[in-house]
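End of the sequence shown = 346 in my numbering, gap-free, step of one. Below is one structure; the comments refer to it alone.
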Amino acid sequence: MLAGPGVIDDNAIHGLRHFAAAGQLGVANTWGAKGVFAWDSPHHLGTCGLQARDFELLGFGSADLIVATGIDERESPTDRFALAPVEVVAPTELEAFAGDYVATDPVPNDLYPRLAAVAQPGYLDEKVPLHPARAVSDLGDALPGDGLVVADPGVAGLWVARTFPTPPLDAGAPRRVIVPAEPAPGVAVTLACEAARAGRPAIAVTTAPVDDATLATIPPAGSKAALLIVVWGERGDVRRADDHLELVAGALASPGVTRIEVPIALDDTALLVEAAGEVVAWGGIS
């Protein structure tokens, strides 16, 4: 089964979980649907759609049928994941059709272990420049329960979408992480600013050099909640790996706008490419 962001938009998380449990189905989610299952749920197959081999490694080609729900074609076009016959079920109909689709034999999932072999050591990596997975994990550790992380499509968005440790969402809960399906100048800062003005602590993750559109979007000051703009690049304000979490947590401790620059080992992106193929989201990344 493949779930997209429409499951969250239509407040159908409970229906999805009931549907999966009734059929004993494994569910992969596109990055716009992160959090529909806990990472350790027996139904959770992982986040997909970002790289060329995702659906192949998930075993979609070995399935008798792929049930798709809530798919955003901008994230994962049907022709990319349809490695077997596809049946579309609207998110609002999942409760009604629970039990109509039942798993027979499990399909092999090679994607999850391949990505875990990159992410799990990365979370604990002490090097500077930081391993991208370590930087993303720190954001998750520091983010308050009502907070939001938004990353620009591209290399920052790839690592956030892949490795942000999203807890399972409750029905009707707002997303904790957003990586837009399409790139747009300044989009991460714009969405994070909107969240902070509405009272949600927010982090925007972008990459150096910061473009003019992003700079123009950064407010001089003033918001109901903390707004942190994190710029990934070759150099920055981190001397030890532990400095990063301290900086992020400090910036989120009180309202106001903070911008920090963080040295990131962006060459580690090659490890993801080796694991799951070239990046296909957003037309690829440079």
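Ideal Cβ placement from N, Cα and C applies to all residues, glycine included. The structure displayed is predicted, hence computed values, not measured ones.
Classification of residue i by the beta-carbon crowding that lies within 10 angstroms, buried from 16 upward
i: Pro65; result: buried
i: Leu117; result: buried
i: Ala264; result: buried
i: Ser197; result: buried
i: Val87; result: buried
i: Arg299; result: exposed
i: Thr138; result: exposed
i: Arg77; result: buried
i: Val148; result: exposed
i: Ser283; result: buried
i: Ala273; result: exposed
Check whether residue i and residue j have beta carbons under 8 Å apart
i: Ala156; j: Val340; result: no
i: Ala163; j: Gly246; result: no
i: Leu199; j: Val209; result: yes
i: Leu85; j: His103; result: yes
i: Leu175; j: Ala336; result: yes
i: Glu135; j: Thr107; result: no
i: Leu287; j: Leu110; result: no
i: Ser332; j: Arg222; result: In the sequence under discussion, the amino acid at residue 332 is Leu, which differs from the Ser named in the question. In contact: Leu332 and Arg222 (Cβ atoms closer than 8 Å).
i: Ala202; j: Ala330; result: no
i: Phe224; j: Val215; result: no
i: Glu186; j: Ala301; result: yes
i: Ser428; j: Val167; result: For the chain, the structure presents residues 61 to 346; residue 428 sits outside this window and is missing.
i: Gly75; j: Pro151; result: yes
i: Leu62; j: Tyr172; result: no
i: Leu154; j: Ala255; result: no
i: Val317; j: Pro279; result: yes
i: Arg257; j: Val291; result: no
Counterpart residues of residue i in DSSP-defined beta bridges
i: Gln111; result: Val339
i: Arg319; result: Ile289
i: Ile8; result: Because the chain spans 61 through 346 in this model, residue 8 falls outside it and cannot be assessed.
i: Gly106; result: Ala88
Backbone CA spacing between residue i and residue j [nearest angstrom]
i: Ala248; j: Leu305; result: 20 Å
i: Pro145; j: Ala311; result: 48 Å
i: Pro240; j: Gly293; result: 21 Å
i: Glu321; j: Asp297; result: 6 Å
i: Cys253; j: Ser314; result: 15 Å
i: Pro243; j: Pro213; result: 5 Å
i: Asp206; j: Pro261; result: 7 Å
i: Asp132; j: Tyr183; result: 29 Å
i: Ala80; j: Ala158; result: 8 Å
i: Ala233; j: Glu334; result: 35 Å
i: Asn169; j: Asp70; result: 28 Å
i: Asp100; j: Thr250; result: 33 Å
Does the stretch 92-100 come into contact with the stretch 228-242, if we say contact requires no fewer than three beta-carbon pairs (one atom in each stretch) closer than 8 Å?
These segments touch.
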